[in-house]
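Read the structure below first, then the notes.
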Amino acid sequence: MIRINSLSKSYDAHRVLIDINLKFVKGEIHGIIGENGAGKTTLFKCLAGIEDYKGIIDYDGGILKNQTGFLPTFPYFLSLMTGLEYLKLLCHARGIYDGNLEQFNLFELPLKQYAETYSTGMQKKLAITGLLLQKNEVFILDEPFNGVDISSNMIIHDILIKLKQLNKTIILSSHIFSTLQDSCDFLHYLKEGRIKYSLPRGSFETIENEMKKEGLDKTVIDSMYLR
Amino acid sequence: MRAITGFGVNPFLGLTIGTGIFIWMSIIVFKKVNYPQYFYSFLSLVVITTLSNKSRNDFLKITFFRKKYFIIRIFENLIYSIPFLFFLAYKGEYLVALITIVMSSLFSLITFSGKSALVIPTPFSKRPYEFSIGFRRTYLLLIILIIISFISIFDHNFNLGIVCLFGMFLVCITYYSEQEPVFYVWIYAQSPQVFLRKKIKTALYFSFLLSLFIAIPLICFNTSYTYQVALVIVIGLLDMVLIVVGIYSNYPARLNLIQNIQIITAIVFPPLLLFAIPNLYYQAKRRLNVFLI
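Here the protein sequences come in this chain order: X and H. Just so we're aligned, residue 1 is where the first sequence starts under the numbering used here, counting upward by one. Just so we're aligned, residue 1001 is where the second sequence starts under the numbering used here, counting upward by one.
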């Protein structure tokens, strides 16, 4: 289990996360939802240990960072590195040296081509494949459905369900409410750096309605004199 | 200006130093190179090509109308070539300066994608990534160095062979010239010591293997030079250690001025390697502690 207690994060005077308290239990899928700039990515980076923070993140399964697979919103691929080399690098980083990685190519990617020449969706699929090969216990996925085609979205959904069955801890974000609604056991609504709601499946409508209310004021559009 | 500030130097001081270095290098080019004016003009065009990056140009094309886009591109190319033009004019090379202006303007029509779909096979693919990527970038240079080293053997010009051997290590050093993004360090489930040790081991192993392509023929054709060849290999390998620990000594920020000076002086004056390596290793370990446990 991962327990977050009184987590706060600031960039100079700008407070991005304020007194976050959350609990992620094994075998559950947790969704973090919020508008752009709400602090989702920062929260994920703090969880992954990429950013420093104030507060406590407690994990009962050992060193959290070493068992975590982190999918950034826009995975970065080094120039002139093939898909297969990327997968090798990720595996080597976790001490996994054996096996024919090509047999785990579940998205049927052209692994012998340079990853930087892949489309956005293909790059995301490659990054997800890498995380799965690392045999992580915790998965932090920032916008995993973003930029990926429908059939791959369905595969990702199935992967999440499989990981849940394998008792992994899964935390993800998405700006598409329906994808979280279908996948998650819990939804946490992050607004202006604070968790406004943490709700179990069945009560997600509260968050959806709240988010709809936060939509752009139509008078602003009118004032733009669009032609 | 921002880049100079990021380098840890006062921008005006950096600009003054940069101008000084530019003038000094220009003087050297005109002293040492045959037909320096043409080489110098070519050099300015090489510098200008850094503005021809495809994604950068795509952004400009999307943002501005076609005519304005070309005006911007011509202007920025000319701004980049101004220091070269001044020096050419100072040397009285007005015609070459004029050609440089025309070529700079024409270069505004060119964009380089920088992304090639042609996958170059590499012997280092099993241990990504520095050598696999570096080899793909520099394989032609490596082949040229090996060819020149063979020419040096047949010409009985041992010094040239030694230069090629050291050049091989310098090429390998460039494989570590860019820091990887934080994600590529964070993924390692290792302590900073183990991480650095493995990086050093890979750098030593692969650079040593590459150096053998020059070292073995040099020794085979003249065994009396074994000692000198071995010495260059030892220094080259120590330089590899230096660059690996050096690149992480201020991670994830770029190396500061003092660290850069440490690295350059240690490469130029090898006895300093014995002080620079432990010092930079300690700094790298401390910086990596943030991302590795």
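Idealized CB from N, CA, C, for every residue including glycine. Note that this is a predicted model, so its numbers are computed, not measured.
The beta-carbon separation of Lys26 (chain X) and Ile32 (chain X), rounded to 18 Å, does not stay under the 8 Å limit for a contact. The region 1037-1049 of chain H and the region 1067-1075 of chain H do not touch, with fewer than 3 CB-CB distances between them shorter than 8 Å. Tyr76, Leu78, Ser79, Leu80, Met81, Thr82, Glu85, Lys88, Leu89, Leu90, Ala93 and Arg94: these are the residues of the region 73-94 of chain X whose beta carbon lies less than 7 Å from some beta carbon of chain H, given in chain order. Beta-bridge partners of Thr68 (chain X) (DSSP): X:Val138. Nearest CB-CB separation between Tyr1129 (chain H) and chain X: below the 8 Å threshold.
Under the 10 Å beta carbon count, Trp1186 (chain H) is surrounded by 16 or more other beta carbons and is classified as buried. Going by DSSP, Pro1083 (chain H) is part of the alpha helix (DSSP H) stretching over Arg1066 to Tyr1090. For Lys135 (chain X), same chain residues with a beta-carbon under 8 Å away, outside a window of 5 residues either side, are Arg94 and Ile96 in chain order. With fewer than three CB-CB distances shorter than 8 Å, the region 1247-1254 of chain H does not count as touching the region 1201-1215 of chain H.
The beta carbon of Ile1173 (chain H) sits no closer than 8 Å to any beta carbon of chain X. Approximately 6 Å separates the beta-carbon atoms of Gln113 (chain X) and Gly83 (chain X); this is inside 8 Å, confirming the contact. Residue range Pro1036 to Ile1048 is occupied by the alpha helix (DSSP H) that includes Val1047 (chain H). In this model, Ile150 (chain X) and Val138 (chain X) are separated by some 25 Å (Cα to Cα).
Going by beta carbons, Phe1183 (chain H) and Tyr76 (chain X) fall inside the 8 Å limit. Interface criterion not met: the Cβ of Ala1203 (chain H) is under 8 Å from no Cβ in chain X. Interface criterion not met: the Cβ of Tyr11 (chain X) is under 8 Å from no Cβ in chain H. Taking a 10 Å sphere around the C-beta of Leu7 (chain X), we find 16 or more other C-beta atoms and assign the residue as buried. Look at the region 59-72 of chain X: the residues with a C-beta under 7 Å from a C-beta of chain H are Ile63, Lys65, Asn66 and Pro72. Within the model, the alpha-carbon separation for Val1268 (chain H) versus Cys184 (chain X) is close to 59 Å.
For Pro200 (chain X), the secondary structure class from DSSP, reduced to helix, strand or coil, is strand. In this model, Ile161 (chain X) and Gly69 (chain X) are separated by some 16 Å (Cα to Cα). Within the same chain, and ignoring the five residues on either side of Ile140 (chain X) in sequence, the residues whose Cβ sits closer than 8 Å to its Cβ are Phe44, Leu47, Ala48, Thr68, Gly69, Phe70, Leu71, Ile171 and Leu172. Counting of Cβ neighbours within 10 angstroms places Leu166 (chain X) among the exposed residues, the total staying below 16. At a C-beta separation below 8 Å, Gln165 (chain X) has no neighbours in chain H, since its nearest C-beta there lies roughly 24 Å away. Cβ-Cβ distances below 7 Å link Ile1235 (chain H) to Pro1270 in the same chain, with the five nearest sequence neighbours on each side left out; the list follows chain order. In the three-state reduction of the DSSP assignment, Ser1125 (chain H) falls in the coil class. In the DSSP secondary-structure assignment, Phe24 (chain X) is bridged to X:Ile2. Here Arg3 (chain X) is near Asp58 (chain X), since their CB atoms are less than 8 Å apart.
For Ala1284 (chain H), not one C-beta of chain X is nearer than 8 Å to its own C-beta.
A Cβ-Cβ distance of about 5 Å is found for the pair Leu1145 (chain H) and Gly1167 (chain H), placing them in contact under the 8 Å criterion.
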